[in-house]
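Participant:
In the UniProt record's numbering, the protein residues as written are 1 to 284.
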């Protein structure tokens with residue numbers, strides 16, 4: 001029994017020191033102010049930095065087979081049948097292995113946001129351009145290879161850190177050590193999940209290009225014969241007359257209830273005054 005206690009007393013400082021080093025280690029996205037609030041563990045960070053440097057040398061960086069490029073494009077199109085053209089564009093995207101991400105319709109036009117395979121983007125632009133008259137066309141490309149490499153490297157580092165903490169959890173026997181390791185393990189697993197989501201988002205943007213298509217109806221042709229001359233003036237005058245008549249009737253309808261209410265006492269007063277005048281004339 002004494003031998004076991006002695007062994008634990010020798011092992012416990014080592015476990016506590018390793019837990020302290022892992023707890024003091026911060027990922028690249030942690031707040032600097034939280035580090036400044038713990039000056040007592042500054043010496044341990046130098047040891048951890050050396051340890052991370054050795055680990056980085058032993059661990060190869062995740063291979064990226066080719067340049068990772070995010071492509072986006074915009075296309076403006078005029079078509080007589082906006083609804084039918086939009087339906088054909090959606091069908092083209094689905095046939096190319098893409099999908100419709102967003103659609104906004106308004107009077108005289110429709111905006112479509114499509115996600116299509118990056119290798120099919122140029123062909124999609126040419127096919128959609130054949131559905132009407134092109135008014136605008138543009139493309140952009142952003143190289144995100146460095147972001148992908150950095151994210152995947154951090155994922156491997158976080159996975160190794162999680163594995164080390166799980167190994168420490170199996171060795172810990174003190175309740176305080178277990179609670180401390182569990183807290184740090186939960187934090188590292190959350191960071192790993194965030195990195196995995198970022199990697200998935202970057203992969204999706206590289207795999208599927210974003211294509212914005214704006215379809216609008218062509219402007220109507222002006223200058224019809226009926227728009228000017230005598231017939232146009234006659235039509236304008238008739239419209240003005242009907243508008244005035246509608247306004248007059250509306251005003252009459254609004255005033256009529258008040259006129260009826262005021263007419264009753266006014267009529268009674270007029271009759272009373274007329275009667276008095278007749279009485280005065282008869283007395284004379």
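The beta-carbon is built from N, C-alpha and C at its ideal position, and this holds for glycine as well.
Return yes when the Cβ of residue 212 is within less than 7 Å of the Cβ of residue 74, no when it is not.
Facilitator: Position 74 of the chain shown holds residue 74. Position 212 of the chain shown holds residue 212. Yes; because the gap between Cβ atoms is below 7 Å, this pair is in contact.
Participant: Which value, in whole angstroms, describes the spacing of the CA atoms of residue 277 and residue 237?
Facilitator: Against the chain shown, residue 277 aligns to sequence position 277. Against the chain shown, residue 237 aligns to sequence position 237. If you take the alpha carbons of residue 277 and residue 237, they lie about 52 Å apart.
Participant: Say whether the region 190 to 202 touches the region 131 to 148, bearing in mind that this needs 3 or more beta-carbon pairs closer than 8 Å, one atom from each stretch.
Facilitator: Because the criterion of three Cβ pairs below 8 Å is met, the region 190 to 202 and the region 131 to 148 touch.
Participant: For residue 115, is the classification buried or exposed, using 16 other Cβ atoms within 10 angstroms of its Cβ as the cut-off for buried?
Facilitator: Start at 1 with the first residue of the chain shown, and residue 115 comes out as number 115. Burial call: buried.
Participant: Should residue 210 be labelled buried (16 or more other beta-carbon atoms within 10 Å of its own) or exposed?
Facilitator: Looking up residue 210 in the chain shown gives position 210. Under this definition residue 210 is a buried residue.
Participant: Assign residue 219 to one of three DSSP states: helix, strand, or coil.
Facilitator: In the chain shown, counting from the first residue as 1, residue 219 sits at position 219. Here residue 219 sits in coil by DSSP.
Participant: Run through the region 197 to 283 for me and flag every whole alpha helix (DSSP H) of 4 or more residues, listed as ranges in chain order.
Facilitator: Within the region 197 to 283, the complete alpha helix (DSSP H) runs of at least 4 residues are 230 to 283.
Participant: Quickly, what does DSSP pair residue 140 with across the bridge? List them, please.
Facilitator: The residue given as residue 140 occupies position 140 in the chain shown. Answer is 72, bridged to residue 140.
Participant: Under three-state DSSP, which class holds residue 66?
Facilitator: In the chain shown, counting from the first residue as 1, residue 66 sits at position 66. If DSSP states are grouped into helix, strand and coil, residue 66 belongs with coil.
Participant: In angstroms, rounded to a whole number, what distance separates the CA positions of residue 204 and residue 141?
Facilitator: Walking along the chain shown from the start, residue 204 turns up at place 204. Walking along the chain shown from the start, residue 141 turns up at place 141. Residue 204 and residue 141: Cα-Cα distance of roughly 15 Å.
Participant: What's the C-alpha gap between residue 242 and residue 130?
Facilitator: Mapped onto the chain shown, residue 242 falls at position 242. Mapped onto the chain shown, residue 130 falls at position 130. Each residue's Cα considered, the two are about 48 Å apart.
Participant: Alpha carbon to alpha carbon, what distance is there between residue 176 and residue 191?
Facilitator: By one-based count along the chain shown, residue 191 stands at place 191. By one-based count along the chain shown, residue 176 stands at place 176. Computed Cα separation, rounded: 23 Å.
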